[in-house]
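Position 14 (the sequence shown) corresponds to 14 in UniProt numbering; numbering is contiguous.
Don't be surprised by glycine CBs; every beta carbon is placed ideally from N, CA and C.
Down below is the structure, laid out as structure tokens.
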Amino acid sequence: MNQLKDEIADNYPEVDVVIKVADLSVSNEVYQLYETLKQYHIETWINNAGFGIHTMMKDEDTKRAQNMLHLNIEALTILSTLYVQDYANVEGTQLINISSAAGYNMAPTAVIYSATKFYVSSFTENLALELRENGAKMQAKVLAPAATESEFAKIANNDKDFDMDQAFDKYHTSDEMADFMLQLYDSDKIVGSVVSEDYSFVLTDNKFPYLG
Ligand SMILES: NC(=O)C1=CN([C@@H]2O[C@H](COP(=O)(O)OP(=O)(O)OC[C@H]3O[C@@H](n4cnc5c(N)ncnc54)[C@H](OP(=O)(O)O)[C@@H]3O)[C@@H](O)[C@H]2O)C=CC1
Ligand SMILES: CC(=O)[C@H](N)C(=O)O
């Protein structure tokens with residue numbers, strides 16, 4: 001994090017980077033983190049922290065799975081809710097939650113992870129529609145990456161030498177995914193996702209049917 005901060009300072013000296021440390025799988029720390037940010041005006045909130053576990057259910061480590069539920073679902077829900085309560089009527093604000101292709105498609109060897117990301121997708125789409133229908137100034141959006149180069153696969157597969165080139169015919173670089181996130185940010189659409197056939201990017205409104 002400090003290295004990244006230095007890189008940003010070198011390239012964008014006008015930007016002031018503040019690092020806050022929290023274990024977001026612990027609910028007290030989630031509330032504490034939000035409290036320490038009250039002094040700032042927060043124009044965009046991105047819930048990016050998350051991890052996956054690639055395993056069969058018969059081999060699932062329930063403690064690790066519980067941490068994943070706390071981080072991927074609970075922390076994201078609490079932080080989204082607090083942010084919406086404070087900023088829903090502030091012009092120009094956006095909440096972006098990071099789901100996954102596995103949040104719209106059931107994924108083999110990822111039964112629990114995929115379910116956490118279905119939660120992220122449906123929670124955020126429903127919230128986006130609630131905000132829109134009630135004339136709120138905030139927009140809520142879902143970014144749903146497919147395989148992307150990062151630490152994710154090493155952690156999910158518990159393999160520090162995990163080779164993306166061997167595992168996937170196609171995947172995105174983190175720069176490509178960050179560019180797509182900016183496209184989603186600039187658009188009025190709700191979901192940014194990846195077409196599984198050719199890995200192209202697509203922006204759409206809600207993908208889940210809506211009862212409203
Ligand atoms: N890469 C991929 O193929 C895909 C990723 N995603 C999603 O993208 C998001 C980002 O993952 P990605 O960048 O790829 O993976 P990384 O593993 O590289 O990054 C995960 C991030 O989450 C943070 N994090 C993990 N656990 C905690 C915790 N308990 N408390 C606070 N922060 C935590 C990590 O912080 P630290 O480094 O300090 O541990 C890190 O910044 C995740 O939500 C993931 O599910 C979705 C689809 C595909
Ligand atoms: C859908 C993906 O490819 C990603 N690695 C994930 O499991 O979220």
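- The C-beta distance from Gln-94 to Met-138 rounds to 7 Å, short enough to meet the 8 Å contact threshold.
- For Ser-193, the three-state secondary structure derived from DSSP is strand.
- Pairwise C-beta distances place the segment 44-62 in contact with the segment 155-174, as three or more of them are shorter than 8 Å.
- Inter-residue distance for Leu-79 and Asn-134 is about 21 Å (C-alpha atoms, whole angstroms).
- For the 9 Å CB-CB criterion, Asn-47 and Ile-96 form a contact.
- With 16 or more neighbouring CB atoms inside 10 Å of its own CB, Thr-116 falls in the buried class.
- For Thr-36, the enclosing alpha helix (DSSP H) starts and ends at 27-36.
- Closest option to Val-191, judged by alpha-carbon separation, among Ala-101, Gln-85 and Lys-170: Ala-101.
- Note that the C-beta distance between Leu-131 and Ala-144 is not below 9 Å.
- A distance below 9 Å separates the beta carbons of Asn-105 and Ser-114.
- Rounded to the nearest whole angstrom, the C-alpha separation of Phe-180 and Phe-201 is 7 Å.
- In its chain, beyond the 5 residues on either side, Thr-44, Gln-94, Ile-96 and Lys-141 have a beta carbon closer than 8 Å to the beta carbon of Tyr-185.
- Distance from the Cα of Val-84 is smallest, within the candidate group Pro-108, Ser-99 and Thr-124, for Thr-124.
- Counting other Cβ atoms within 10 Å of its Cβ, Val-21 stays below 16 and is therefore classed as exposed.
- Glu-149 is a Cβ neighbour of Met-164, given a cutoff of 9 Å.
- Relative to ligand 1, Tyr-12 has its C-beta separated by 8 Å or more from all heavy atoms.
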